[in-house]
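*Asks:*
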Amino acid sequence: MNEYSGLNSWIAIVNQKLPHLSRPQAKVLAMWSFGIGMMLFPGSNNSSSVFSTTTR
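So the sequence shown is numbered by the numbering used here: it starts at 2 and just counts up by one.
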(Lines of atoms letter the chains of each structure in order from A and count residues from 1; the text may use other names and numbers.)
(Lines give C-alpha, C1' and ligand atoms only; values in the text may rest on other atoms or scores of the structure.)
Protein backbone atom coordinates (compact mmCIF):
# COMPACT_ATOMS: atom_id res chain seq x y z
CA MET A 1 0.00 0.00 0.00
CA ASN A 2 1.31 3.42 -0.82
CA GLU A 3 1.36 6.34 1.56
CA TYR A 4 -1.67 7.95 -0.09
CA SER A 5 -3.95 4.93 -0.08
CA GLY A 6 -6.26 6.50 2.52
CA LEU A 7 -6.67 9.63 0.44
CA ASN A 8 -7.13 7.63 -2.76
CA SER A 9 -9.77 5.48 -1.08
CA TRP A 10 -11.59 8.57 0.17
CA ILE A 11 -11.55 10.14 -3.31
CA ALA A 12 -13.12 6.95 -4.69
CA ILE A 13 -15.84 7.00 -2.00
CA VAL A 14 -16.68 10.66 -2.66
CA ASN A 15 -16.85 9.93 -6.42
CA GLN A 16 -19.20 7.01 -5.78
CA LYS A 17 -21.46 8.72 -3.25
CA LEU A 18 -21.75 12.04 -5.12
CA PRO A 19 -22.10 11.07 -8.79
CA HIS A 20 -23.57 14.47 -9.71
CA LEU A 21 -20.17 16.11 -9.10
CA SER A 22 -17.55 16.16 -11.82
CA ARG A 23 -14.41 14.16 -11.10
CA PRO A 24 -12.34 17.30 -10.40
CA GLN A 25 -15.03 18.65 -8.06
CA ALA A 26 -15.21 15.35 -6.19
CA LYS A 27 -11.42 15.19 -5.91
CA VAL A 28 -11.16 18.70 -4.46
CA LEU A 29 -13.98 18.00 -2.01
CA ALA A 30 -12.36 14.72 -0.97
CA MET A 31 -8.96 16.34 -0.51
CA TRP A 32 -10.45 19.19 1.51
CA SER A 33 -12.48 16.90 3.78
CA PHE A 34 -9.55 14.50 4.17
CA GLY A 35 -7.34 17.41 5.24
CA ILE A 36 -9.94 18.61 7.75
CA GLY A 37 -10.14 15.10 9.20
CA MET A 38 -6.37 14.84 9.47
CA MET A 39 -6.11 18.17 11.26
CA LEU A 40 -8.57 17.01 13.93
CA PHE A 41 -6.07 14.44 15.16
CA PRO A 42 -2.96 15.53 17.08
CA GLY A 43 0.27 14.75 15.28
CA SER A 44 -1.34 14.80 11.87
CA ASN A 45 0.58 17.75 10.52
CA ASN A 46 1.50 15.93 7.32
CA SER A 47 -1.61 16.96 5.38
CA SER A 48 0.17 19.84 3.66
CA SER A 49 2.90 17.52 2.42
CA VAL A 50 0.30 15.01 1.17
CA PHE A 51 -1.56 17.69 -0.74
CA SER A 52 1.55 19.32 -2.14
CA THR A 53 2.69 16.05 -3.69
CA THR A 54 -0.73 14.95 -4.98
CA THR A 55 -1.64 18.19 -6.73
CA ARG A 56 1.42 18.40 -8.98
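Every residue, glycine too, gets a C-beta built ideally from N, C-alpha and C.
Look at the Cβ atom of A27, then the Cβ atom of N16, and state whether they are nearer than 9 Å.
*Replies:* Position 26 of the sequence shown, counted from the first residue, corresponds to residue 27. Position 15 of the sequence shown, counted from the first residue, corresponds to residue 16. Contact: yes.
*Asks:* My guess is that F42 and W11 are in contact by the Cβ rule of under 8 Å, so how many angstroms apart are they, rounded?
*Replies:* Taking the first residue of the sequence shown as position 1, residue 42 is located at position 41. Taking the first residue of the sequence shown as position 1, residue 11 is located at position 10. Not a contact, Cβ separation roughly 15 Å.
*Asks:* Grab the span of the alpha helix (DSSP H) containing L30 for me, first residue to last.
*Replies:* As a position in the sequence shown, residue 30 is number 29, starting the count at 1. Start and end: R24 to M40.
*Asks:* Just mark M40 as buried or exposed, buried being the case when its beta carbon has 16 or more other beta carbons within 10 Å.
*Replies:* Your numbering for residue 40 matches position 39 in the sequence shown. Result: exposed.
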